[in-house]
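*Asks:* Here it is, the structure, as structure tokens.
2 protein chains.
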Amino acid sequence: MSLSDLLGYAAALLTTSAFVPQVVQTPRTRDTRAISLGMYLLFSAGVALWWIYGILLAAWPIILANGITLLLALVVLGYKLTESQRL
Amino acid sequence: MSLSDLLGYAAALLTTSAFVPQVVQTPRTRDTRAISLGMYLLFSAGVALWWIYGILLAAWPIILANGITLLLALVVLGYKLTESQRL
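Residue numbers (the working numbering), protein chains in the order written: chain A, 492 to 578; chain B, 492 to 578.
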């Protein structure tokens, strides 16, 4: 595997797993006030497009990384969207 | 431009611009409690690797999108890291 391939896989692993600590923290604290709704709406839409892009290219690393990131981001978005009902 | 290229650019535009509303909200409210430190540490490291990956591949869309995303994520991370001094 080339250095650039290795870097790409490490980058994908980091940017995808990054959402795990947020998905652990948010359900535990149920605090989403400091989290921007606009950010999670735009980010989830963008990651969904990356996922479709991966499918069109039949590129499994893109499909897998963005599929997992999308699920994690949607959990945070779901908590943010129901915030007003909890306050 | 092919459909997949168009999708890729739209996806990059969304996932990069997603951080703008967070970078607007955080300095205004100075509230970062609901934001996961681990998320922004992992995410910033990952985006930095994507940026180096783009440089190795001389791929300008990857360099630009991740360069901008890194700067935006570092602003949020900076506020999160100084949170305890503000509480």
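For each residue, glycine too, the CB sits at the ideal point set by N, CA and C.
Tell me the rounded alpha-carbon separation between Thr507/A and Ile554/A.
*Replies:* 12 Å
*Asks:* Run the CB neighbour count on Ser493/B, radius 10 Å, all protein chains shown included, and call it buried at 16 or more, exposed below.
*Replies:* Looking at its Cβ environment, which holds fewer than 16 other Cβ atoms inside 10 Å, Ser493/B is exposed.
*Asks:* Would you mind sorting Thr560/B into buried or exposed? The rule is 16 or more other CB atoms within 10 Å of its CB.
*Replies:* buried
*Asks:* Please check if any C-beta of chain B sits within less than 8 Å of the C-beta of Met492/A.
*Replies:* no
*Asks:* Whose CA, out of Ala556/B, Leu565/B, Tyr531/B, Gln516/B, lies closest to the CA of Arg524/A?
*Replies:* Gln516/B
*Asks:* How long is the line joining the alpha carbons of Leu498/A and Ala539/B, rounded to whole angstroms?
*Replies:* Cα-Cα distance, rounded: 10 Å.
*Asks:* Looking at chain B, which residues of the segment 555-578 of chain A have a Cβ within less than 7 Å of any of its Cβ atoms?
*Replies:* none
*Asks:* Name the two residues that bound the continuous alpha helix (DSSP H) containing Arg521/B.
*Replies:* For Arg521/B, there is no enclosing alpha helix (DSSP H), since its DSSP letter is neither H nor E.
*Asks:* Are Ala502/A and Ser535/A touching if we call contact CB-CB under 8 Å?
*Replies:* Contact: no.
*Asks:* Go ahead and label Gly509/A buried or exposed: buried means 16 or more other beta carbons lie within 10 angstroms of its beta carbon, across all protein chains shown.
*Replies:* Per the sequence presented here, residue 509/A reads as Ala, with Gly not at that position. Flag for Ala509/A reads buried.
*Asks:* Relative to the C-alpha of Glu574/A, which candidate in Asp496/A, Leu504/A, Pro518/A, Gln513/A has its C-alpha closest?
*Replies:* Pro518/A
*Asks:* Could you spell out where the alpha helix (DSSP H) holding Ala550/A opens and where it closes?
*Replies:* First-last for Ala550/A: undefined, no H or E at that position.
*Asks:* Hey, quick one: how far does the alpha helix (DSSP H) through Ala501/B stretch, first residue to last?
*Replies:* Where Ala501/B is concerned, the enclosing alpha helix (DSSP H) starts and stops at 494-508.
*Asks:* Could you confirm whether any beta carbon from chain B is found closer than 8 Å to the beta carbon of Pro552/A?
*Replies:* no
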